[in-house]
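Residue numbers (this note's numbering): 36 to 599.
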């Protein structure tokens with residue numbers, strides 16, 4: 036079986052030799068269509084024995100590709116661009132073996148699109164195929180041969196080799212020019228064929244690359260309305276629509292569309308990724324975790340090992356994905372998993388103060404207080420505000436029995452810490468520790484000082500009343516409960532306790548009036564209403580260290596989508 040390399044080039048002297056070196060030993064013929072080079076491109080191509088074909092550029096990539104096909108004499112065609120390299124696995128089947136095996140008529144090849152900042156995305160494209168009658172490329176840009184292969188009922192398999200593409204690893208201004216060129220060609224194509232679903236889809240992707248998100252959304256929605264011809268294209272469109280809804284923070288719609296894509300093609304990564312992100316941002320961590328974990332594992336695979344039913348998979352910032360995994364693992368009680376993920380975050384972002392805070396919180400969950408203290412100190416050294424560190428610092432102090440340190444944290448940050456149930460639970464633990472240690476006088480003084488600094492806190496007033504009652508300071512208890520009843524009106528328990536204080540102070544009329552508010556008819560049993568125990572929140576006194584209001588590790592997940 037004879038294999039022909041088909042290329043189109045213009046002014047590619049910087050890249051062409053590298054490309055041809057990657058294929059010179061696996062093809063029998065090189066057909067290179069030149070669309071007007073003014074540099075050494077033709078000279079370089081000729082030195083590799085390539086047959087050069089001149090073609091006047093018509094703003095139509097498919098037309099140029101088809102000229103190359105027309106001049107190829109091989110039984111099989113390999114299509115490459117000058118900014119691409121053929122990557123054959125060591126010990127794997129060569130192109131000649133694949134062509135001779137007669138197991139397929141075409142191979143969908145994973146293409147690794149390198150990015151300037153590092154990393155890559157990948158998509159699939161049919162680049163190696165039998166030269167069947169009637170095979171033609173279509174599309175002014177993002178040209179493809181798929182339709183004619185489908186028409187010929189060609190057998191298509193996933194290739195065991197890959198192509199590395201460096202054309203997007205370019206400075207931003209060059210990338211912008213390339214995207215603007217593509218947008219113009221796609222707009223021209225849509226003017227000629229308004230119902231071209233594929234062109235609307237790729238124009239939508241191109242507008243994302245140019246940060247024209249509203250334009251992108253309109254074209255993708257139009258592509259969906261036109262009714263994609265294939266399940267693959269339908270899922271491609273749905274996935275980027277889901278991306279748009281994620282960007283708009285409409286997580287419910289994003290999840291609905293991603294689920295629709297997954298139902299159509301279950302073996303894909305992008306819809307799993309976007310669904311996981313949507314669920315994560317909705318706080319559905321138990322549902323999000325397996326999806327995010329699967330997406331992360333997929334993105335870590337070598338490109339030739341990734342298996343998907345979709346022709347284009349989108350990547351995601353690895354550190355941001357690991358943040359989401361850290362939070363979801365912690366929220367579901369998998370603190371060892373959360374610790375492992377945050378360690379990977381620190382590998383990628385060694386100077387990230389919030390990552391060290393997350394590590395400290397994980398260590399606290401695992402009772403590794405020495406490591407937690409070290410991580411917390413590192414977060415503080417890197418400049419994280421004390422307010423953001425308060426929850427972890429309070430947990431560390433309580434776990435190590437350092438009541439003075441716990442008191443200092445609460446004195447400075449009670450407003451933030453007492454905004455949620457977990458903070459109030461930790462505060463209750465702090466109160467209980469002082470009572471058990473027989474330091475109620477110290478506790479009372481601390482609560483008085485704390486109340487002066489945070490006078491609108493019901494939790495502090497409640498604890499102050501409780502401590503005052505235990506010490507027989509009924510006037511102090513009365514003042515605290517009266518203020519508390521104003522902050523939290525119509526609470527029967529508070530009113531009963533206040534009525535009990537009035538009765539103890541001999542103020543029976545006030546006690547009766549207060550009881551009328553709770554529809555109590557007599558004064559019996561009021562001794563228990565005064566009370567000498569401070570009720571702790573359900574679930575124990577220590578609780579878990581991951582506080583969603585103050586941990587500072589929840590970052591909004593944002594997928595990366597590039598034209599490609």
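For each residue, glycine too, the CB sits at the ideal point set by N, CA and C. Predicted, not measured: the structure shown is a model, and the values here were computed from it.
Along the alpha helix (DSSP H) that carries residue i, what are the first and last residues, could you check?
{"i": "residue 104", "result": "96-106"}
{"i": "residue 445", "result": "438-452"}
{"i": "residue 505", "result": "493-505"}
{"i": "residue 544", "result": "543-552"}
{"i": "residue 39", "result": "Looking at the DSSP string, residue 39 is not in any alpha helix (DSSP H); the run it does join, the beta strand (DSSP E), is 38-44."}
{"i": "residue 531", "result": "527-539"}
{"i": "residue 111", "result": "Residue 111 -> not in any alpha helix (DSSP H); beta strand (DSSP E) instead, spanning 111-114."}
{"i": "residue 389", "result": "388-400"}
Assuming residue i is part of the beta strand (DSSP E), what are its boundary residues?
{"i": "residue 200", "result": "197-200"}
{"i": "residue 145", "result": "141-149"}
{"i": "residue 86", "result": "86-89"}
{"i": "residue 434", "result": "Run containing residue 434: none in the beta strand (DSSP E); it sits in the alpha helix (DSSP H), 421-434."}
{"i": "residue 79", "result": "Careful: residue 79 lies outside any beta strand (DSSP E), inside the alpha helix (DSSP H) at 76-82."}
{"i": "residue 69", "result": "64-69"}
{"i": "residue 119", "result": "119-122"}
Does residue i come within less than 8 Å of chain C when only Cβ atoms are used?
{"i": "residue 508", "result": "Considering every chain present, this structure includes no chain C. It has just one protein chain."}
With distance defined between alpha-carbon atoms, name the residue in the options nearest to residue i.
{"i": "residue 57", "options": "551, 150, 197", "result": "197"}
{"i": "residue 176", "options": "182, 266, 218, 199", "result": "218"}
{"i": "residue 407", "options": "433, 471, 384, 497", "result": "433"}
{"i": "residue 357", "options": "452, 390, 155", "result": "390"}
{"i": "residue 388", "options": "59, 204, 413, 396", "result": "413"}
{"i": "residue 195", "options": "129, 529, 149", "result": "129"}
{"i": "residue 312", "options": "330, 302, 61", "result": "330"}
{"i": "residue 108", "options": "126, 444, 148, 63", "result": "63"}
{"i": "residue 271", "options": "256, 455, 285", "result": "256"}
{"i": "residue 372", "options": "512, 528, 456, 325", "result": "325"}
{"i": "residue 480", "options": "463, 498, 471", "result": "498"}
{"i": "residue 123", "options": "337, 548, 483", "result": "337"}
{"i": "residue 162", "options": "115, 136, 192, 135", "result": "115"}
{"i": "residue 117", "options": "126, 72, 106, 55", "result": "55"}
{"i": "residue 512", "options": "501, 520, 522", "result": "501"}
{"i": "residue 264", "options": "113, 425, 234", "result": "234"}
{"i": "residue 438", "options": "464, 422, 415", "result": "464"}
{"i": "residue 51", "options": "254, 421, 82", "result": "82"}
{"i": "residue 540", "options": "509, 528, 455", "result": "509"}
{"i": "residue 417", "options": "384, 287, 448, 466", "result": "384"}
{"i": "residue 76", "options": "42, 544, 172, 100", "result": "42"}
{"i": "residue 150", "options": "349, 110, 259", "result": "349"}
{"i": "residue 202", "options": "483, 547, 49", "result": "49"}
{"i": "residue 243", "options": "215, 260, 268, 227", "result": "215"}
Can you tell me whether residue i is buried or exposed, with buried defined as 16 or more other CB within 10 angstroms of its CB?
{"i": "residue 246", "result": "exposed"}
{"i": "residue 516", "result": "buried"}
{"i": "residue 487", "result": "exposed"}
{"i": "residue 74", "result": "exposed"}
{"i": "residue 93", "result": "exposed"}
{"i": "residue 147", "result": "buried"}
{"i": "residue 266", "result": "exposed"}
{"i": "residue 231", "result": "buried"}
{"i": "residue 446", "result": "exposed"}
{"i": "residue 402", "result": "exposed"}
{"i": "residue 40", "result": "buried"}
{"i": "residue 181", "result": "buried"}
{"i": "residue 523", "result": "exposed"}
{"i": "residue 386", "result": "exposed"}
{"i": "residue 458", "result": "buried"}
{"i": "residue 563", "result": "Confidence in residue 563 is poor, its pLDDT being 43 and thus under 50, which makes the residue's placement unreliable; the coordinate value appears in the next sentence. When all chains shown are included, residue 563 counts as exposed."}
{"i": "residue 67", "result": "buried"}
{"i": "residue 521", "result": "exposed"}
Length at least 4, wholly inside the segment 165-239: the alpha helix (DSSP H) runs in chain order: 181-186, 207-227
Segment contact, 8 Å Cβ cut-off, at least three pairs: the segment 161-172 with the segment 132-150: yes
Three CB pairs or more closer than 8 Å across the segment 201-210 and the segment 219-227: As far as the Cβ criterion goes, the segment 201-210 does not touch the segment 219-227, which means the pair count is below three.
At least three beta-carbon pairs within less than 8 Å, the segment 299-315 to the segment 367-382: no
At least three beta-carbon pairs within less than 8 Å, the segment 182-193 to the segment 248-258: no
At least 3 beta-carbon pairs within less than 8 Å: the segment 142-159 vs the segment 74-91: no
Stretch pair the segment 272-282 + the segment 234-244: three plus CB contacts closer than 8 Å: yes
Complete beta strand (DSSP E) runs within the segment 270-337 (minimum length 3 residues, chain order): none
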